[in-house]
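Trainee:
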Amino acid sequence: MLHRFAALVAASTALLIFAGGLVTSTGSGLSVPDWPTTYGWNMFTFPIDKWVGGIYYEHTHRLIASVVGFLIVVLAVWLWRVEPRAWVRRLGYVALAAVITQGILGGITVLWFLPPPVSIAHAGLAQLVFCLTIAIALVTSPGWSRGAAGDSAADDRTLQLVAAVTTAVIYVQIIAGATMRHTGAGLAIPDFPLAFGQIVPSVWSGPIAIHYAHRVGAVIVSLLALATAGHVLYHHVREGGLRRPAVLLVALLIVQVTLGALTVLSGKHYVINSLHVVTGALVLGTSLVLALRANRARFTTQAERMRVAA
Amino acid sequence: MTRRVYTAIPVFIITVLTALLAAACGGGNTEQAAVPDAPTVSPVDAATAGNVTGRVTFAGTAPKPAAVRMESDPNCMPPGGAATDEAVVLGQNGALQNAFVYVKDGLGDLRFPIPSNTPVLDQKGCLYTPHVIGVQVGQSIEILNSDPTLHNVHAVPTSNQEFNTGQPLPGMKHTHRFSTREVMVPFKCDVHPWMRAYVGVLDHPYFAVTGPDGSFDLKGLPPGTYTIEAWHETLGTQTQTVTIAAKESGTAAFEFKPKS
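Residue numbers (this note's numbering), protein chains in the order written: chain X, 1 to 310; chain R, 1001 to 1260.
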C-alpha cells in the first residue's frame, strides 16, 4: 500500500513538472504577480472564471504543486510511522524538506521577476524531488524487499558505476537544459541537427554556448545510456528488474532526442517544449531506478539479508 | 547518530524557510522609486522660446497588420472582428503613428518642474491605450483597467525599477512614478501576451508621440542646438540635429524604412 502511494506521488510529481514546463513554455511565469496569494485571493478560492490567458497555466501549476506538497507530507508521515529502515524514513524527511524549499523557490522567483539563477534552481530541485519520490517508491516495493531484481548485479562493479555515472550526467544535462530555457537560449541555434549549417558553430555568444553545451550533453548522455543499456542486455538479460528499465531508458532517450529536435524545429512550440522537459525527468527517473537496482546490495544491511534468506 | 539526524533535519528545514522567507519579503514589487527634487518654475524664458516641428513617415510597402489572437480570454474578444497588431501603424501618405520623438541632447544642465497632471495608460479591449506615451521623471502615471477581465501590469525597464502588479477587477488603478530617464520602458501583460505599451521617461518636457498624421511639435524650447531622436518599437531610432534661434521654429523630418 505504501509502495503504491509512493508511486502515485512520483507520478503526480511528473505531472507537476509537465505543468511547470507549460508555465515557462507559454511565458506565463509572471501572469500571477503575487504569491502565495493569487490576485489577492486565497489560492484555493480564486474564481475559475478568472483562469484566463497565462493565469490558467501558472495557477494550475500552483494548485498541482499544493496537491503534490500535501501528498509528500502524507508520504513522509507514513514512512515515519511504519517504515522500519531509518535511511528510508530519512528519504521521506529529505523529500519533505525539498518540496517545501521548492515551493518557496517558486514563490521567490515570481516575486523577483524570474531571475535565471532562482528559476534554474527551481527547475533543478524539481528533478531532485522527483528522484526522491521515485527512490522511495522503489525501495518500498515488494521486489526491492525480496531482492527480486538486481541480485545478479551485486558483483558487477562496472554496471554499478556506469549506471550511477549515467544518472548523474543526465541530471547535469537537465540543469544545462534548464539554464538554456531560463536564459532564453532555446533558439540561439535555430537549425538541427547542424548548428548554423555546421557541426561546430562558426559564431559564438553566451546563448549559443549554452545551447550548444546542451546539445553536446545530449550526445554524452546518449552514449552513456546506450553503454548502460548495452551492458545490461549483454550481461543481465535474464534479470527483468534490470532489463526493463534498460530498455525503457533507450526508448525514452529516443523520444527525448526527437522532442529536443522538434522543440527547435517548431520554434519552441509550448506543448513539445513541455513534453521535452517531462521526458527528461522520466529519462532521469528510469536511469535512477536502474542505478539503484544495480547498487541494491549497498543499501541492504546484514540483518536484512539474513531476514530475507530466512 | 540517528537522533542527531532527526534533530538536524527540522533545524535545516526551519533555517531554509526562514532564510528564503526573509529573502522573499525583501523583493516586493509595489515599492515606488525615490524621485529627486525638482524646481517648481521652468528655467526657460517664454519670450524667447521656439519649437521644433516635423513629421515621421514610413517609406516602402506598408506591412499588413497581423490579427491578434485573443481566444485565450473570451472577455477580450472584440465584437465584430479581431484586433490588429499595433507594431507598425500607418496613416495617410506614409504617416507613421506611435513614434516617440524627443530631445535627446542639447538642454545642458537645465532642470524642469514635474508636471502636476497624470497621464493615463488604459487597458481597454485587452490592449494598452495609448500604445506609446511619455512622462517626466517623477511625474505620476496612472495605469487603469477598463476591461471586464483581469490584467497584470508588468513594467520591464532596464534603468528604473521593475514592477508587476495585479488588477483583477475593472476600474482598478495603479499609480507609478519613474525615478530616472529611460527611453523606452516596455509594459506588458503576462496574462495576455499580445499586450504591449512603451513609456518614454525623460527629465524634461520636450517629447511627443506621433498621431495618425505622423506629425510632432516640441514646444517651448529655448534657443540652441538640439539632437532630436525619433524612436519606433520595431523600426529602430533616427536622430537629427536642429538649431533654433529665439522665437524660431525648426523642422525635422524622419523617414523609416522596412527592416531587412
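Glycine included, every Cβ here is placed at the ideal spot set by N, Cα and C.
1. Tell me which same chain residues have a C-beta within less than 6 Å of the C-beta of VAL23 (chain X), skipping the five on either side of it?
2. Taking the Cβ atom as the reference point for each residue, do GLU1255 (chain R) and ALA1059 (chain R) lie within a distance shorter than 7 Å?
3. Report the three-state DSSP secondary structure of SER1260 (chain R) (helix, strand or coil).
4. Report yes or no: do the stretch 36-55 of chain X and the stretch 1143-1155 of chain R share at least 3 C-beta pairs separated by less than 8 Å?
5. Less than 7 Å between the beta carbons of PRO1043 (chain R) and LEU1110 (chain R), yes or no?
6. If we count Cβ pairs, one from each stretch, closer than 8 Å, do we get three or more for the stretch 161-168 of chain X versus the stretch 289-300 of chain X?
7. LEU1021 (chain R) to HIS122 (chain X), Cα distance in whole Å?
8. DSSP on PHE279 (chain X), reduced to helix/strand/coil?
9. Kindly give me the distance between the Cβ atoms of GLY1054 (chain R) and THR1251 (chain R), rounded to whole angstroms, as I take these residues to be in contact under 8 Å.
10. Run down chain R in chain order and give the residues with a C-beta less than 8 Å from the C-beta of GLY40 (chain X).
11. Quick one, which residues of the stretch 54-71 of chain X are near chain R if we go by CB-CB under 9 Å, in chain order?
12. Leaving out the 5 sequence neighbours to the left and right, which residues in its chain are closer than 8 Å to ILE220 (chain X) when beta-carbon positions are compared?
13. Listed from N- to C-terminal order along the chain, which residues in the stretch 1147-1159 of chain R have their beta-carbon within a distance smaller than 7 Å of any beta-carbon of chain X?
14. Which parts of the stretch 1116-1187 of chain R are runs of the beta strand (DSSP E), unbroken and 3 residues or longer, counting only runs that do not cross its ends?
15. Could you give the residue range of the beta strand (DSSP E) that holds PHE1100 (chain R)?
16. Given that HIS1192 (chain R) touches chain X, what residues does it touch there, using C-beta distances under 7 Å?
17. Determine, using beta carbons only, whether GLU1233 (chain R) comes closer than 7 Å to chain X.
18. Could you name the residues that DSSP lists as bridge partners for TRP41 (chain X)?
19. Below 7 Å CB to CB, which residues in the same chain sit around MET180 (chain X) once its five sequence neighbours on both sides are set aside?
20. Which of the three DSSP states is assigned to LEU16 (chain X) in this structure?
21. Which same chain residues, not among the five before or five after LEU1107 (chain R), have their C-beta less than 6 Å away from its C-beta?
22. Residues in the stretch 2-36 of chain X with C-beta within 9 Å of chain R's C-beta atoms, listed in sequence order?
23. Look up ASN312 (chain X) in the DSSP assignment and say whether it is helix, strand or coil.
24. What residue range does the alpha helix (DSSP H) around ALA98 (chain X) cover?
25. What's the gap between the Cα of ARG4 (chain X) and the Cα of ARG89 (chain X)?
26. Going by Cα to Cα distance, which pick from R:HIS1176, R:ARG1177, R:HIS1174, R:PRO1186 is closest to PRO1157 (chain R)?
27. Judging by CA-CA distance, which residue of R:ALA1246, R:VAL1088, R:SER1260 is the nearest neighbour of ALA1049 (chain R)?
28. So, under 8 Å CB-CB, GLY21 (chain X) and SER266 (chain X) are touching, yes? Tell me the CB distance rounded to an integer number of Å.
29. Looking at the structure shown, is ALA1047 (chain R) part of a helix, part of a strand, or coil, going by DSSP?
30. Quick one: Cα of ILE72 (chain X) to Cα of GLY280 (chain X), how far?
31. Work out the CA separation of THR1061 (chain R) and PRO190 (chain X) for me, nearest whole Å.
32. Check the Cβ of LYS50 (chain X) against every Cβ in chain R and list those closer than 9 Å, keeping chain order.
33. Which partner residues does ALA1197 (chain R) have in the DSSP bridge list?
34. Would GLU1182 (chain R) pass as an interface residue toward chain X - the criterion being a Cβ-Cβ separation below 7 Å?
35. Would a check of beta-carbon distances place PHE196 (chain X) closer than 7 Å to chain R?
36. Can the beta-carbon of LEU1221 (chain R) be found less than 7 Å from the beta-carbon of ASN1051 (chain R)?
Mentor: So, from the data block:
1. GLY29, TYR57, GLU58, HIS61
2. In this structure, ALA1059 (chain R) lies closer than 7 Å to GLU1255 (chain R) by Cβ.
3. coil
4. yes
5. yes
6. yes
7. Any reading at LEU1021 (chain R) is ruled out, since the residue's pLDDT is 46, under 50, leaving its predicted position unreliable.
8. The displayed chain sequence assigns Thr, not Phe, to residue 279 (chain X). Helix.
9. 5 Å
10. GLY1166, PRO1168
11. GLY54, ILE55, TYR56, GLU58
12. VAL169, GLN173
13. For the stretch 1147-1159 of chain R, which is checked against every Cβ of chain X, the residues closer than 7 Å are THR1149, LEU1150, ASN1152, HIS1154.
14. 1120-1124, 1127-1129, 1132-1136, 1140-1145, 1151-1155, 1163-1167, 1173-1177
15. 1100-1105
16. Under the 7 Å cutoff, chain X gives GLY53.
17. no
18. X:THR38
19. Here the set comprises GLY186, ILE210, HIS211, HIS214.
20. helix
21. HIS1204
22. THR26, GLY27, SER28, GLY29, LEU30, SER31, VAL32, PRO33, ASP34, TRP35
23. Nothing in the structure corresponds to residue 312 (chain X), since chain X is present only between 1 and 310.
24. 86-111
25. Going by the C-alpha atoms only, they are around 16 Å apart.
26. R:PRO1186
27. Taking only the C-alpha atoms, the option nearest ALA1049 (chain R) is R:ALA1246.
28. Not really, about 15 Å apart at Cβ, beyond 8 Å.
29. In this structure, ALA1047 (chain R) counts as coil in the three-state DSSP scheme.
30. 22 Å
31. 28 Å
32. THR1149, LEU1150, PRO1168
33. R:PHE1187
34. no
35. no
36. yes
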